[in-house]
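The structure appears below as structure tokens.
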Amino acid sequence: MTDLTSLFSDLVRLETRLYNTLDARLKAEHDLPLGQFEFLRFIAASGTTRVQDLAHEFAITVGATSKGVDRLEAAGRCRRTANPEDRRSSLVEATPAGLEILAAATPTVEAELVARIGTVLPEQSVEDLATLLSTISAGLGGSRRPT
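Heads up: the sequence shown runs through residues 1221 to 1367, numbered per my numbering.
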């Protein structure tokens, strides 16, 4: 039987190392932290979204999400507008500048992921890993990435 505690530790350390590598490269090449990149990806894919939807997607608090959106907004990469359906919330959308930096940074992220994952694992193993992680995430109540 596999030692699940060791597997958990390996997953956490892998995620931390991969996150730090991507974050450093995005900051150096695009002045864009990885967290902001991830928020922009979700916002752009959604068209508009609520802070609460971002918090749910990234499994973080609404307060932390709101601060992240504040930083994106201060950088001119997104804007908030009043939610016509719920006066207690606002809608977040990417600005042209946000979409521009997202388009510039996406190939950087993809290239780094190919270098760190795609050259280490065969394509079928990457697909299998993606399916397994998605299944585990769904079991924990997280979103399930489209297949």
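Beta carbons: idealized from backbone N, C-alpha and C, even for Gly. These figures come from a predicted structure and were not determined experimentally.
Per-residue DSSP class, three states only, for residue i
i        : result
Asp-1305 : One detail in the question is off: residue 1305 reads as Glu in this sequence, not Asp. Reduced to three states, the DSSP call for Glu-1305 is coil.
Arg-1261 : helix
Ala-1295 : coil
Val-1340 : coil
Ala-1314 : strand
Thr-1268 : coil
Thr-1326 : helix
Asp-1251 : coil
Leu-1352 : helix
Closest Cα partner of residue i within the set the options
i        : options                                : result
Glu-1277 : Leu-1292, Leu-1252, Glu-1258           : Glu-1258
Tyr-1239 : Ile-1337, Ala-1350, Asp-1273, Leu-1224 : Ile-1337
Thr-1268 : Asp-1243, Gly-1255, Asp-1223, Leu-1319 : Leu-1319
Gly-1255 : Thr-1225, Arg-1291, Arg-1233, Asp-1348 : Arg-1291
Arg-1261 : Ala-1324, Gly-1283, Arg-1233           : Ala-1324
Cut-off 6 Å between Cβ atoms - residues of its own chain near residue i, not counting five sequence neighbours on either side
i        : result
Arg-1300 : Ser-1310, Val-1312
Ser-1266 : none
Other residues of its chain near residue i: CB distance less than 7 Å, five sequence neighbours each side excluded
i        : result
Lys-1247 : Pro-1253
Arg-1364 : With a pLDDT of 49 at Arg-1364, under the threshold of 50, the modelled position of that residue is not reliable, and the figure given next carries that caveat. The answer, listed in chain order, is Ser-1354, Ser-1357, Ala-1358.
Gly-1296 : Thr-1315, Ala-1317
Cβ shell of residue i (< 8 Å), same chain only, five flanking positions each side left out
i        : result
Val-1289 : Phe-1259, Val-1271, Leu-1274, Cys-1298, Arg-1300, Val-1312
Gly-1362 : Ala-1279
Asp-1230 : none
Whole-Å CB distance - residue i paired with residue j, under 8 Å assumed
i        : j        : result
Thr-1236 : Glu-1332 : About 15 Å; that fails the 8 Å criterion.
Thr-1328 : Glu-1249 : 6 Å
Ala-1264 : Leu-1322 : 6 Å
Bridge-paired residues (DSSP) for residue i
i        : result
Arg-1233 : Arg-1233 pairs with nothing; no bridge assigned.
Arg-1300 : Val-1312
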